[in-house]
Amino acid sequence: MTETRGRVRHRRRRTALTVGAPLALAAAGALAYGGAFGLFGRSGQQSASAATAAAWTNDVADGFASVDALGQNGTYGGRGGKTVTVRTLADLEKYATAAEPYVIVVAGTIPMNPVGKEIRVASDKTIVGSGTSGHIVGGGFFLGPGVHNVIIRNLTIRDAYQGVWNDKDHDYDAVQMDGAHHVWIDHNDLRHMADGLIDVRKDSTYVTVSWNRLSNNNKTFGIGWTTNVVTDITIHHNWLRETEQRNPSTDNAARAHLYNNYLEDTPGTDITTAYGNYSRGKTRMVLENSYFQGVRNPVIRDSTAVLVQRGNVFSGTSGRNESGGGTAFDPRSSYAYTLDKADAVPGLLRAGAGPRPSIGTATTAAAPAAAAAVKTLTVAKSGAQFTSVQKAVDAVPANNTSRVVISVAPGTYRETVKVPANKPHVTIQGSGGSRKDTAIVYGNASGTPKPDGSGTYGTGGSATVAVEADDFQARNLTITNDFDEARNQHLDGHQAVALRTAADKVLLDGLIVNGDQDTLLLDTAAKDRLGRVYVTNSYITGNVDFVFGRATAVIDKSVLTLKKRWNGTSAGYIAAPSTPANRRGFLINRSTVNGDVSARSFHLGRPWYAGGDATLHPQVTVRDTTLSDAIKTAPWTDMSGFSWKGARFAEYLNTGPGAGPAGTDRPHLTPAQAADQEVADWLAGWTPTAS
Numbered sequence: 000m001t002e003t004r005g006r007v008r009h010r011r012r013r014t015a016l017t018v019g020a021p022l023a024l025a026a027a028g029a030l031a032y033g034g035a036f037g038l039f040g041r042s043g044q045q046s047a048s049a050a051t052a053a054a055w056t057n058d059v060a061d062g063f064a065s066v067d068a069l070g071q072n073g074t075y076g077g078r079g080g081k082t083v084t085v086r087t088l089a090d091l092e093k094y095a096t097a098a099e100p101y102v103i104v105v106a107g108t109i110p111m112n113p114v115g116k117e118i119r120v121a122s123d124k125t126i127v128g129s130g131t132s133g134h135i136v137g138g139g140f141f142l143g144p145g146v147h148n149v150i151i152r153n154l155t156i157r158d159a160y161q162g163v164w165n166d167k168d169h170d171y172d173a174v175q176m177d178g179a180h181h182v183w184i185d186h187n188d189l190r191h192m193a194d195g196l197i198d199v200r201k202d203s204t205y206v207t208v209s210w211n212r213l214s215n216n217n218k219t220f221g222i223g224w225t226t227n228v229v230t231d232i233t234i235h236h237n238w239l240r241e242t243e244q245r246n247p248s249t250d251n252a253a254r255a256h257l258y259n260n261y262l263e264d265t266p267g268t269d270i271t272t273a274y275g276n277y278s279r280g281k282t283r284m285v286l287e288n289s290y291f292q293g294v295r296n297p298v299i300r301d302s303t304a305v306l307v308q309r310g311n312v313f314s315g316t317s318g319r320n321e322s323g324g325g326t327a328f329d330p331r332s333s334y335a336y337t338l339d340k341a342d343a344v345p346g347l348l349r350a351g352a353g354p355r356p357s358i359g360t361a362t363t364a365a366a367p368a369a370a371a372a373v374k375t376l377t378v379a380k381s382g383a384q385f386t387s388v389q390k391a392v393d394a395v396p397a398n399n400t401s402r403v404v405i406s407v408a409p410g411t412y413r414e415t416v417k418v419p420a421n422k423p424h425v426t427i428q429g430s431g432g433s434r435k436d437t438a439i440v441y442g443n444a445s446g447t448p449k450p451d452g453s454g455t456y457g458t459g460g461s462a463t464v465a466v467e468a469d470d471f472q473a474r475n476l477t478i479t480n481d482f483d484e485a486r487n488q489h490l491d492g493h494q495a496v497a498l499r500t501a502a503d504k505v506l507l508d509g510l511i512v513n514g515d516q517d518t519l520l521l522d523t524a525a526k527d528r529l530g531r532v533y534v535t536n537s538y539i540t541g542n543v544d545f546v547f548g549r550a551t552a553v554i555d556k557s558v559l560t561l562k563k564r565w566n567g568t569s570a571g572y573i574a575a576p577s578t579p580a581n582r583r584g585f586l587i588n589r590s591t592v593n594g595d596v597s598a599r600s601f602h603l604g605r606p607w608y609a610g611g612d613a614t615l616h617p618q619v620t621v622r623d624t625t626l627s628d629a630i631k632t633a634p635w636t637d638m639s640g641f642s643w644k645g646a647r648f649a650e651y652l653n654t655g656p657g658a659g660p661a662g663t664d665r666p667h668l669t670p671a672q673a674a675d676q677e678v679a680d681w682l683a684g685w686t687p688t689a690s
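For the sequence shown, position 352 matches number 351 in numbering that gives the first Met the number 0, and the numbering has no gaps at all.
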């Protein structure tokens, strides 16, 4: 965005974009875990539709399991290896213990023989249930020293119980780790075992446990069994019900981040909770926005441990509820995350924890045929079909009717990329273990002269990646405009777009979008055209109007990072919408605003009346978002002679040092107004699904 009215001329040809978002849980699950794809084949054989597994097999862990460390770039399991479907113990063990990577789909009930058997899983494995049909009965999995990059997902692991409630003789766990790292345990149903449901032992680290149901057990979830203080673990969105102890017990963990968990003890049952979350030894624990219902001693800590509580809800609890010992740590220094409201947690987890039908299975008989139509083009510096991303885009047939996935190998691709309007249904995705591994970079700015002497690029033309085709998706990438303002002060026009969209039904998932001024342009093909954009699980950096345009767009569960200007000063604006009247503009939802800038130096936004068009009605809603102290106490400001008070700017239930009470200079939505400003209201009937 331009900073002065005199430079608005660079934007006169821009047009509007419209975006919306999914309904609470079901759609959120679809976004987090991708679409449904068939994986049916003979037991122990690669599925005939294995190629269609790309959507959900591309899911990667969040929390500490996503952190690059110990030579491992996050946790992605067997992605890149063969996908096999298993229905027998012999086949499950064969592939789980193999040296090479595998995605192993459990498509039925597999009894362990002998009872209590724990399969010794090797590195680089995804073990996932096919919908809700994958059951492991009478045993579980063991991850030994050095085992890494393992995903255990969407399974029911149950019934190794040997008839003794406080069993000292049988170490029959659902999942046990001894010295493993980078493990993601997600969306499982774990219950009724002879010992622990989950044991994270002996210096295991970089572990995330999410969206599981843990029930009907004595010693539920133990962490520690070591004098070393090295374990980093994230535990979020788990439902612990009718479990007596270790809920979890966390001993000598370097960093334990627990949030949005639901601990429930139902009156009148045979099982009574002895204690809930326990910080032991030298553990440093951060416990946020969890819900404790009927639990005795819901939160306890040793005198040597650190336990920081914030935002938790306690209903009908009794006994010890403790915190203190120090400041613990800031989880956001390691990874981004978004907190759900604590009072919403029971409903979220009752509906969403445990195995999901959409993971590892098809929803309809037509799904395999549809997925089989997906064509994949590969890009790499060598050894692939194409050596540049643009060459792969050029190879997509005009007016194609089915999905084309452009899989880009790790590396830095210094080029501009344009997906023209006549090439819909294109996905560009990085194939590396992290969104940092694959980068598309260029450095044009609005005032950069074109090589042919025909003038300058203008703001829209400066984009490193430009998307003009509907039903576009980008995932697991970094997109950067690295224009150097300090060295180009002589140029008139420092707007430098990293990513421009001008299309409908655009899904941007797991991206880093880097720039300074005008980083992310969310627009439409024409002012009267609809253009919905959904941005999730992404990082967006910039300093001046770095999210702008006429789109109806949702930025959900993402991090907006504020940067200093080229001269080292702190001042800027996040959003600059140019929304047409009677359309929705930008919704920043369940996200985080932070950055290494001065306190009270950034505005949330200002209204952009592109070309002086007074018929526009710019809109930004920022809700359920954590704001750093960089945000001004009066967070909105005027632009180019237009008052922000004529725009639709509002906040709702934001938190953090940058949040503030409602006032003349800080409009807040009422609960009734907020009910009409949810993600689903923005997306207007479109449910984004990775494909």
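Yeah, the Cβ is synthetic: ideal placement off N, Cα and C, and Gly gets one too.
query                                                                                                                                                                                   : result
Count the other CB atoms within 10 Å of the CB of Asn112; is the residue buried (16 or more) or exposed (fewer)?                                                                        : exposed
With a threshold of 6 Å on Cβ separation, who are the neighbours of Val596 within its own chain once the five nearest residues in sequence on each side are excluded?                   : Leu561, Lys563, Ser569 and Ala629
Residue range of the beta strand (DSSP E) that Pro110 falls in?                                                                                                                         : Thr108 to Pro110
Can we say the region 495-509 touches the region 467-476, given the rule of at least three CB pairs closer than 8 Å?                                                                    : yes
Suppose the cutoff is 7 Å on Cβ atoms and the five residues either side in sequence are ignored; what does the same chain contact list for Gly359 look like?                            : Leu38, Trp55, Val104, Val127, Gly128, Ser129, Gly130 and Asn153
Within 10 angstroms of the Cβ of Lys218, are there 16 or more other Cβ atoms? Answer buried if so, exposed if not.                                                                      : buried
Can you tell me where the beta strand (DSSP E) with Tyr205 in it begins and where it stops?                                                                                             : Thr204 to Ser209
Which residue or residues does DSSP assign as beta-bridge partners of Leu189?                                                                                                           : Ile156 and Leu213
Decide if Ser317 is buried, meaning its Cβ has at least 16 other Cβ atoms within 10 Å, or exposed.                                                                                      : exposed
Candidates Asp172, Asn246 and Pro606: which alpha carbon is nearest Asn237's?                                                                                                           : Asn246
In whole angstroms, give me the CA-to-CA distance for Thr226 and Asn251.                                                                                                                : 7 Å
What are the residues that DSSP puts in a beta bridge with Trp183?                                                                                                                      : Ile150 and Thr207
Give every residue of the same chain whose Cβ lies closer than 7 Å to the Cβ of Glu677, excluding the five residues on either side of it in the sequence, and list them in chain order. : none
Which residues does DSSP list as the beta-bridge partners of Glu117?                                                                                                                    : Gly139
Output needed for Pro670: all residues of its chain with C-beta closer than 7 Å, excluding positions within five of it in sequence on either side, in chain order.                      : none
Quick check: the Cα distance between His602 and Thr233, rounded to an integer number of angstroms?                                                                                      : 32 Å
Report all residues from its chain with a CB closer than 6 Å to the CB of Thr625; omit the five preceding and five following residues, and keep chain order.                            : Thr591, Thr654 and Gly655
Consult DSSP for Phe63 and reduce its assignment to one of helix, strand or coil.                                                                                                       : helix
Can you have a look at Gln163 and say buried or exposed, based on whether 16 or more other CB atoms are within 10 angstroms of its CB?                                                  : For clarity, residue 163 is Val in the given sequence; the question names Gln instead. Burial call: exposed.
Count the other C-beta atoms from every protein chain shown that fall within 10 angstroms of the C-beta of Thr620, then say buried if there are 16 or more, exposed otherwise.          : buried
Which stretch, first to last residue, makes up the beta strand (DSSP E) that contains Gly548?                                                                                           : Val543 to Gly548
Please report the distance separating the alpha-carbon of Glu650 from that of Asp555.                                                                                                   : 15 Å
Can you tell me the Cα-Cα spacing of Ser445 and Ala253, whole angstroms?                                                                                                                : 47 Å
So what's Trp238 in DSSP terms, helix, strand or just coil?                                                                                                                             : strand
Tell me the DSSP secondary structure of Pro617 in three-state form.                                                                                                                     : coil
Using only the alpha-carbon positions, how far apart do Ser209 and Ala613 sit?                                                                                                          : 48 Å
For my contact list, Gly115 and Gly137 are in at a C-beta cut-off of 8 Å; report their separation, rounded to the angstrom.                                                             : 7 Å
Is it buried or exposed for Arg119, if we count other Cβ within 10 angstroms and need 16 for buried?                                                                                    : exposed
Would you mind working out which of Asn148, Asp188 and Glu117 sits nearest Arg349, comparing C-alpha positions?                                                                         : Asp188
Which residues bound the beta strand (DSSP E) around Gly459?                                                                                                                            : Where Gly459 is concerned, there is no enclosing beta strand (DSSP E), although the alpha helix (DSSP H) it sits in stretches over Gly457 to Gly460.
In angstroms with no decimal places, state the Cα-to-Cα distance between Tyr757 and Gly429.                                                                                             : Outside the displayed span of the chain (0 to 690) sits residue 757, for which this structure offers no information.
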